[in-house]
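Each remark here refers to the structure printed beneath this line.
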Amino acid sequence: MVFGDFDSMFGERRSRGRSDNKLVITEETYEQLKKKAEKLKSLEQKHEEVVSENEKLQEKLENLEDKLKSVEELEHEKEKYFNRYIQLKADFENFRKRADRDNVNYKKYALQTILKKLISHYDDLQRSLKVLDAVDIDESVKQGFKLIVENFKKLLMEENVKKMDCEGKIFDPYKHEVMMVDESKESIPDGTILEVFEDGYYYNDYVLRPAKVKIAK
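Position in the sequence shown (first residue = 1) + 1169 = my numbering.
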């Protein structure tokens, strides 16, 4: 601000008073007022800068809050999908185990069914061999038939099929099926197997076919 500015600033007051009155200030006062005016202007500029900076900071803060909300939402979504992934993985693992178990059970059932049929064929071969032994037939035919029976027996053994040893043993409802009861054998303990009508077989430790027996009582 120049000295003339103060004249204009106080000009209105002079016009209201007597026209011959004039404001007189010293050069020292002028310099002081000038410095105060410059300082005030500087403070106003700084205030505007602070206000502007504060607005920018407020905007950044709002953006950060929005981003924070977005991050929280993403974390929530991530947790939700992760939990779904864990559940699906567990469900798939259970399905795979169940499928493997069912597959094993099916294979076991199919094998047992085949082995039972083989045992029935083996029974037929043994009965046929007894018939051949009772008739007059060429010995080479008998020997050939015996070889077939032995090979069949070997096949069953290779599949871990073993014939039960029943005669003279005590009746076991899990292994034997009673076809006849003999009450005349008083000296023999009740439940003793007297005769085997049809052989029973194990597949490993599993009862593949129970033996049909006659027991004492």
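Even glycine gets a Cβ: it sits at the ideal position worked out from N, Cα and C.
Because the structure is a prediction, the values reported are computed rather than measured.
{"query": "Residue closest to Glu1364, alpha-carbon to alpha-carbon, out of Gln1312, Leu1377, His1345", "result": "His1345"}
{"query": "Leu1287 versus Glu1248 - alpha carbon distance", "result": "58 Å"}
{"query": "Residues that DSSP places opposite Ile1362 in a beta bridge", "result": "Ile1384"}
{"query": "With 16 other Cβ atoms within 10 Å as the buried cut-off, status of Leu1377", "result": "buried"}
{"query": "Short Cβ contact (7 Å threshold) for Val1347 with Lys1386", "result": "no"}
{"query": "From Lys1277, Tyr1372, Ala1380, Ser1356, residue whose alpha carbon lies closest to that of Asp1334", "result": "Ala1380"}
{"query": "Sequence-distant residues of its chain with Cβ nearer than 6 Å to Glu1336 (five each side left out)", "result": "Ile1362, Val1365"}
{"query": "Where Glu1197 sits in the DSSP three-state scheme", "result": "helix"}
{"query": "Exposed unless 16 or more other CB atoms sit within 10 angstroms - verdict on Gly1369", "result": "buried"}
{"query": "Alpha-carbon spacing of Tyr1375 relative to Arg1253, whole angstroms", "result": "42 Å"}
{"query": "Burial state of Phe1340 (16 or more Cβ within 10 Å)", "result": "buried"}
{"query": "Which listed residue (Asp1307, Lys1383, Lys1311, Ser1289) has its alpha carbon closest to that of Lys1299", "result": "Lys1311"}
{"query": "Sequence-distant residues of the same chain with beta carbon closer than 7 Å to Glu1328, five excluded per side", "result": "Leu1284"}
{"query": "Rounded C-alpha distance that separates Phe1175 from Lys1208", "result": "Reliability of the predicted coordinates at Phe1175 is poor, the pLDDT of 45 falling under 50, and no value is obtained from them."}
{"query": "Nearest-angstrom Cβ-Cβ length linking Tyr1372 and Val1330, presumed shorter than 8 Å", "result": "6 Å"}
{"query": "Neighbour-count burial assignment, Tyr1291, 16 or more Cβ in a 10 Å radius", "result": "buried"}
{"query": "Residue interval of the beta strand (DSSP E) (run including Glu1346)", "result": "1345-1351"}
{"query": "Lys1331 (DSSP reduced to helix, strand or coil)", "result": "strand"}
{"query": "Span of the beta strand (DSSP E) around Val1376", "result": "1375-1378"}
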